[in-house]
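Going down the list, the sequences are from chains A and B. The numbering of the first sequence is the numbering used here, which starts it at 1 and goes up by one. The numbering of the second sequence is the numbering used here, which starts it at 1 and goes up by one. Beta carbons are placed, not taken as given, at the ideal position from N, Cα and C, and that holds for glycine. Owing to the predicted nature of the structure, the values given are computational and were not obtained by experimental measurement.
Protein chains: 2
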Amino acid sequence: MKVIIMKELLEANDRLAEENRSYFKENHVLCVNLMGSPGAGKTTLISAIADELQDIQIGVVEGDIASSIDADKLEQKGVHSSQINTCGECHLDANVIRQGAEEIAMKNGIVFVENVGNLICPAEFDLGETVRLLAASVPEGDDKPYKYVPMFSYADVVALTKCDLKEAVGFDTTYFTKGLRAISEAPIYEISLKKGQQREGIKELAAFLRKKYEEV
Amino acid sequence: MKVIIMKELLEANDRLAEENRSYFKENHVLCVNLMGSPGAGKTTLISAIADELQDIQIGVVEGDIASSIDADKLEQKGVHSSQINTCGECHLDANVIRQGAEEIAMKNGIVFVENVGNLICPAEFDLGETVRLLAASVPEGDDKPYKYVPMFSYADVVALTKCDLKEAVGFDTTYFTKGLRAISEAPIYEISLKKGQQREGIKELAAFLRKKYEEV
C-alpha cells in the first residue's frame, strides 16, 4: 500500500515538474537544483557563483526544515531569495518550488533551488530544474559515491567543495572519482572558497552554468 | 491521505519498537541508535568506542542505502556486524533492526545501530533503542542545531566529531552550544580521532555509555 501511494505522489510531482519546466523556459530562466548533505557548503557556493555572474540576474529559493539563516545570508548580499520552511519534510517538491519561483517572479536569469540538506530523499523529486548540481564536501569522505548511489547518479554536475581540507582529512580524489565514474559521467569541479585564501574552481563552475543559461 | 498512511506506518513502527525494547532488555543489551549526516564520522566513532570498552561485547547493525563499506571496516576490527542495505530508503525502522539484532544474536553487551547518513528522517523512527546518540561533525557547521531542530531535539547525547578541524573551518562552539541548549539538555562530548594525533573526548563518551549499559 505504501508503494502505491508513493507512486501516486511521485507521478503527481512529475506532472507539476513538467509544468515548472515550461514556466521556467517561458520566462527564460535556468533553474538549478542544488543538493547535498547538511554543511556541504551549498549557500556559500551560491554566493560565490553570484559573485562570478554579476551580469546575470540570480534568484534563490531556499529550502530548510527550520530557520531562515541561509536566505538571510543571501539577501544581505543582494540575492533575491524566497525561504521555504518544510516543517520537517526532508526534501522539496515541484509544488513548493512553483510557489517559491512565483514569489521571486524572475525573468531572464538563473534561479538556484537550495534543497534541504539531505543526500538521499531529494533525488526522488524532479522539481522541473534544468541542471542538477550536487555539492559534495571533502570532509564528508571519499567513499560517498559508493554509498549514496541514487544521489550521485542523479546529478548532472558535481561541485567537490572544501578542497582546502583534502590534506587535513586524508581525502583520496582518485578513489572518489572512480566511485563517481562507475555510475555517472557528470563533470567534477574542485572548489575551495576558504576565507582569506584564493578561490579555486568557482570561475570554471560559473562558466559551466553560464553556458547552460545561454542554451535556455 | 498521505498523513493518515504515514501515521499508520509510524504507529506500526512504534509497536515494533516497544517489542524490540523488551527483546534488548531480556538479553541485557544496551541498544544505541547512532545517527548523523553522511560523513559525520559514525563508523570511526563506533570503532573508537569499541577500543575503549574492550571488556564489553560490542555488536553493530549497519544501515546503508548501498554498499557494505562500513560493516567491512568494523568486521576487520573484530566487531560483530550485520549489514542492512535499505535499497534507497532514507532511514532504518524497528522491523529491520529486529532482523539485524537477531542475526548478530547478542546477549550482555552493547549493540550500536549505525543509521543511514541523514540528519532528518531517522528522527521519526523509534527503533527500540535506549540511547539516541547524534554524531555532528565540526565541518558541517555551527548552525546545524538551529536548522535541523527535530534531530537535535531527538538526541539524548551529542558527539561533536572532528574537533581537530575547528580552527580550519572557523567553528564557533559557543554558537553551536547555544543552539542546542535552546531545544535540548543533551550532554555534548567533543571528540577528535585524527590519525596520528592523541584521541580526545572518546574516553568520556565511552564512560557515559558504560554507565548506561550498567543500568540496563
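Beta-bridge partners of residue i, as assigned by DSSP
i	result
F152 (chain A)	DSSP, once it has assigned bridges, lists no residue as partnering F152 (chain A).
A135 (chain A)	A:G36 and A:A159
I188 (chain B)	B:V158
N118 (chain B)	B:G36
V216 (chain A)	According to DSSP, which records beta bridges pairwise, V216 (chain A) is partnered with nothing at all.
E200 (chain B)	B:S192
L30 (chain B)	B:I110
Residue i versus residue j - alpha carbon distance
i	j	result
A40 (chain A)	N85 (chain A)	19 angstroms
M35 (chain B)	T173 (chain A)	26 angstroms
L10 (chain B)	K195 (chain A)	44 angstroms
D72 (chain B)	V61 (chain B)	12 angstroms
K2 (chain A)	N118 (chain B)	Reliability of the predicted coordinates at K2 (chain A) is poor, the pLDDT of 42 falling under 50, and no value is obtained from them.
L180 (chain A)	V158 (chain A)	9 angstroms
S22 (chain A)	L134 (chain A)	23 angstroms
A101 (chain B)	E214 (chain A)	55 angstroms
I104 (chain A)	D14 (chain A)	22 angstroms
K144 (chain A)	A12 (chain B)	32 angstroms
A168 (chain A)	L165 (chain B)	8 angstroms
V149 (chain A)	E124 (chain A)	12 angstroms
R210 (chain B)	A94 (chain B)	24 angstroms
Q198 (chain B)	C163 (chain B)	12 angstroms
T177 (chain A)	A66 (chain B)	17 angstroms
E26 (chain A)	R98 (chain A)	14 angstroms
S68 (chain A)	L74 (chain A)	10 angstroms
G78 (chain B)	A206 (chain B)	18 angstroms
D126 (chain B)	I188 (chain A)	38 angstroms
L16 (chain A)	E18 (chain B)	40 angstroms
K107 (chain A)	F24 (chain A)	8 angstroms
G201 (chain B)	I56 (chain A)	48 angstroms
Q76 (chain B)	A136 (chain B)	25 angstroms
L92 (chain A)	Q54 (chain B)	44 angstroms
E140 (chain B)	E114 (chain A)	16 angstroms
Assumed close pair residue i, residue j - CB separation to whole angstroms, cut-off 8 angstroms
i	j	result
G109 (chain A)	I58 (chain A)	6 angstroms
I191 (chain A)	L160 (chain A)	6 angstroms
P38 (chain A)	S37 (chain B)	5 angstroms
E52 (chain B)	K203 (chain B)	6 angstroms
H80 (chain A)	V216 (chain A)	18 angstroms between Cβ atoms; not a contact.
G128 (chain A)	N20 (chain A)	3 angstroms
Cβ neighbours of residue i in the same chain (closer than 6 angstroms, five flanking residues each side left out)
i	result
T130 (chain A)	L30 and C31
D70 (chain A)	T43 and E62
K212 (chain A)	L30 and V131
F171 (chain A)	V138 and D142
F112 (chain A)	V32, L34, I46 and V60
L193 (chain B)	T44, A48 and R199
S82 (chain B)	V61, G100, E103 and I104
Contacts around residue i, its chain only, beta-carbon distance under 8 angstroms, and the 5 residues preceding and following it disregarded
i	result
D156 (chain B)	V131, R132, L133 and A186
V96 (chain A)	G63, I84 and T86
M151 (chain A)	M35, L119, I120, P122, A123 and L134
Own chain residues within Cβ distance below 7 angstroms of residue i, not counting five before or after
i	result
C90 (chain A)	V116, N118 and C121
Y146 (chain B)	G179
Y175 (chain A)	D142
Contiguous beta strand (DSSP E) assignments of at least 3 residues, all confined to the segment 32 to 114 of chain B: Qualifying beta strand (DSSP E) stretches, in chain order: 57 to 64, 80 to 85 and 109 to 114.
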